Amino acid sequence: MCGIIGYVGGKKAAPILLKGLQRLEYRGYDSSGIAVLNGSIRVTKTCGKVATLCEKVSENNMPDGVIGIGHTRWATHGAPSDINSHPHLSADGRFCIVHNGIIENFAELKADLTAHGIPFKSETDSEVIAQLVQYLYDGDMISTLRNVMERLSGSYAVGVLCADSPSTLYAIRKDNPLVVGLGQNENFIASDFAAALEHTHNFVQLNDYEIAQLTARAVTFFDRNGKSVEKTPYRVDWDISLAEKGGYPHFMLKEIYEQPKAIKDTVSARIKGDNIVLDRIEFSASNVNSINRINIIGCGSAYHAGIVGKHFIEKYCRISVNCELASEYIYSNPITDNRTLTVVISQSGETADSLAALRLAKKLGSHTIAIVNVLHSAIAREADDVLYTYAGPEIAVATTKGYTTQVAALYLIGLKIAKVKHIISDARYSELLNEIARLPEKVSEILKDTDKIKQYAQSYADHKCVFFIGRGTDYAASLEGALKLKEISYIHAEAYAAGELKHGTISLIENGTVTLALVTQEDLYAKMLSNIKAVQSRGGSVLAISSQKNMQIGKESDGLLAIPDCDDDVTPVLTAVVLQLFAYYIAAKRECDIDKPRNLAKSVTVE
Ligand code: G6P
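With positions in the sequence shown counted from 1, the corresponding number in my numbering is that position plus 63.
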């Protein structure tokens, strides 16, 4: 996730900015840069590590200015490169910005500004902000920034320098975190406390559509109407090491909590009114009608996301979907031809088996779509089309936000195809679109109160074996739940289709064996209840995960974790969050190395 630091005070800005960027490195990034204002604005930026930036800054003899902005970039629009790195200067060099977030209407803005003769240098969405500030500048930065915010849609935290205001730093934000750090004759902006914590412990939160105006001695806030806003600072007594994980003890927990934003970024940019626009992927009627099979391919959690997608796509598109493990697909003489649509899912975009599968599918004449998180990774580059998940960098080995954003992306693809094929009613289409758009809010609801999940998890921490059961899409979701648990807690965990239990696995149920039963599909409640009873009658105890509308299941089980009510077809995103937390708290109780489980790698680039 990108990081921002900004400084105005009496000291040299460049070293403070560079130190701040080092503090933000934990967020993950692919390039970095700083800008210092001293008469004019000077920018130094580079692809790669902050250490490389430090070398470049000393080679470039950066000016001794006492005001500046810095950025670590995680590429979302435009490959990681020197030019695409931030800060971005306006064409006339008088304005300079750093940006976190996604400007959803950047293409329209860019076309408009280009038509007015403003040249662009980068492929980023962010550069439009610098050019827009220049274009709208009316001599007063506050009114200019208000106008800029009126034009931007999407999410942003932005730091701005203006050569005409050589002692003032500005910031705006919407749906992206930005704090203002209050020091002694110096002030800061930062995407999180970590970047400024060694200078100050006093912070103010910038709210959506607010503008911060910082000089060395004063900070003033304005609302979107230009009215000044009073804010009360608060103290952050964090130790710097905690701050590097944003206050969370592990990256995994931090990333679990980032899911509302990650899902929102992935979904909302693609929902335009009643329409789903999947970037440049063309879903014309003739393309869609020529598809007679969809192969979804991935490894690990990406494969599990594919199984959830299979249920959704088959139900609404009436196209046969095979979900394949990449390592199996490549040696299986697969049925794939030019009427097959191949969807390869990969968080890293570098998994060797998935890449090999993509290449094979292309060779066999299939059109390929990659669902990938890391921009310009191998799979993203080689696929015919790519739909990025905007999860931001994932650092914990066990994927969380990577998985849920993949599922959300598959829902969008499924719904889009169903609509183009005219086999979904308008009412059902709108209902589902609305449910997908509301997933971030429902995930937030789960994250607001996790005590019960934690209590159950801790009470099961000594178990040697945990089973997960479900039917249909709940079975698909339970596969990922079991994987999470075994990956990080080293407890043996297995997921079974609930109806399969009686064909063998039930022999393993004995006194005290724990089974997590996912029961979110209303038409399968009765069947799941029989499976739960079958486990209990052999001495097993059952923790049910169900929606609030099905509280009855709690009475029939030994415990219940409820997810917010939502459409049965999108519950896997919500159950995933509960199961991630369940695995996390068990692993924490067992004092496991949660972010780096033994023998596992984040990205497996060998076959
Ligand atoms: C590794 C990771 C898993 C991940 C799988 C696929 O095994 O530990 O968490 O699901 O690779 O990775 P990808 O980057 O292709 O999604």
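Every residue gets a Cβ at the ideal spot worked out from N, C-alpha and C, and that includes glycine. These numbers come from a predicted model, not from an experiment.
Residue i bridges to which residues according to DSSP?
i, result
"H151", "I160"
"L388", "G361"
"K527", "DSSP lists no partner for K527."
"V106", "A98"
"G533", "A560"
"I165", "S218"
"S383", "R356"
The beta strand (DSSP E) that contains residue i, what's its start and end?
i, result
"Y219", "G217 to C225"
"Y233", "L232 to K237"
"G69", "G66 to V71"
"D253", "Sequence inspection shows Ala at residue 253; the Asp mentioned does not correspond to that position. Segment N250 to A253, the beta strand (DSSP E) holding A253."
"V242", "V242 to L245"
Ends of the alpha helix (DSSP H) at residue i?
i, result
"S522", "D514 to S522"
"E557", "Counting along the chain, E557 falls outside any alpha helix (DSSP H), though it belongs to the beta strand (DSSP E) covering H555 to A560."
"S541", "T536 to S552"
"N352", "A348 to N352"
"C117", "V113 to E122"
"T135", "It is not in any alpha helix (DSSP H) - T135 instead sits in the beta strand (DSSP E) that spans I130 to R136."
"F314", "F314 to Y320"
"A332", "Element bounds for A332: n/a, residue is neither H nor E."
"S228", "Careful: S228 lies outside any alpha helix (DSSP H) and carries neither H nor E."
"E190", "E190 to L199"
"V667", "No alpha helix (DSSP H) contains V667, which DSSP labels as neither H nor E."
"P503", "L502 to K511"
Hey, residue i and residue j are a contact pair by Cβ (cut 8 Å); roughly how many whole angstroms apart?
i, j, result
"S153", "R136", "In fact, because the Cβ distance is near 18 Å, the residues do not count as touching under 8 Å."
"Q469", "I509", "Between I509 and Q469 the Cβ distance is about 18 Å, and since that is not below 8 Å, they are no contact."
"V437", "L421", "Contact doesn't hold; Cβ gap of about 14 Å is too wide."
"G133", "S185", "No, G133 and S185 are not in contact; Cβ-Cβ is about 17 Å, not under 8 Å."
"I393", "V384", "Not a contact, Cβ separation roughly 19 Å."
"A226", "S103", "6 Å"
"D400", "L427", "6 Å"
"D630", "E498", "4 Å"
"T467", "V640", "7 Å"
"T671", "T583", "The structure shown does not extend to residue 671, since the chain is modelled only from 64 through 670, so no value can be given for it."
"P78", "V99", "Incorrect: roughly 11 Å between the Cβ atoms, too far for contact."
"R86", "A257", "5 Å"
By the three-class DSSP mapping on this structure, what secondary structure does residue i have?
i, result
"N338", "strand"
"A170", "helix"
"N101", "strand"
"R90", "helix"
"A472", "helix"
"K75", "coil"
"G477", "helix"
"I205", "helix"
"I486", "coil"
"I657", "coil"
"S395", "coil"
"A259", "coil"
"V460", "coil"
"G141", "coil"
"I326", "helix"
"E345", "coil"
"A178", "helix"
"Y453", "coil"
"K82", "helix"
"K652", "helix"
"T187", "coil"
"K499", "The residue you asked about is not Lys; residue 499 is Ile in the sequence shown. Three-state result, I499: helix."
"M125", "coil"
Using a Cβ-Cβ cut-off of 8 Å, state whether residue i counts as contacting chain D.
i, result
"G412", "The structure shown contains no chain D; it is built from a single protein chain."
Any heavy atom of the ligand ADP closer than 7 Å to the CB of residue i?
i, result
"C362", "This structure simply doesn't include the ligand ADP; it includes the ligand G6P instead."
Could you tell me which whole alpha helix (DSSP H) segments of length 4 or greater appear in the stretch 564-602? 588-599
Complete runs of the alpha helix (DSSP H) confined to the stretch 356-380 [at least 4 residues]: 363-380
Output the residue ranges of the alpha helix (DSSP H) runs that lie fully inside the stretch 397-450 and measure 4 residues or longer, sorted by chain position. 415-426 and 441-445
Give, in chain order, every unbroken run of the alpha helix (DSSP H) that is at least 4 residues long and sits entirely within the stretch 263-310. 303-306
Could you tell me which whole beta strand (DSSP E) segments of length 3 or greater appear in the stretch 598-650? 604-610 and 622-626
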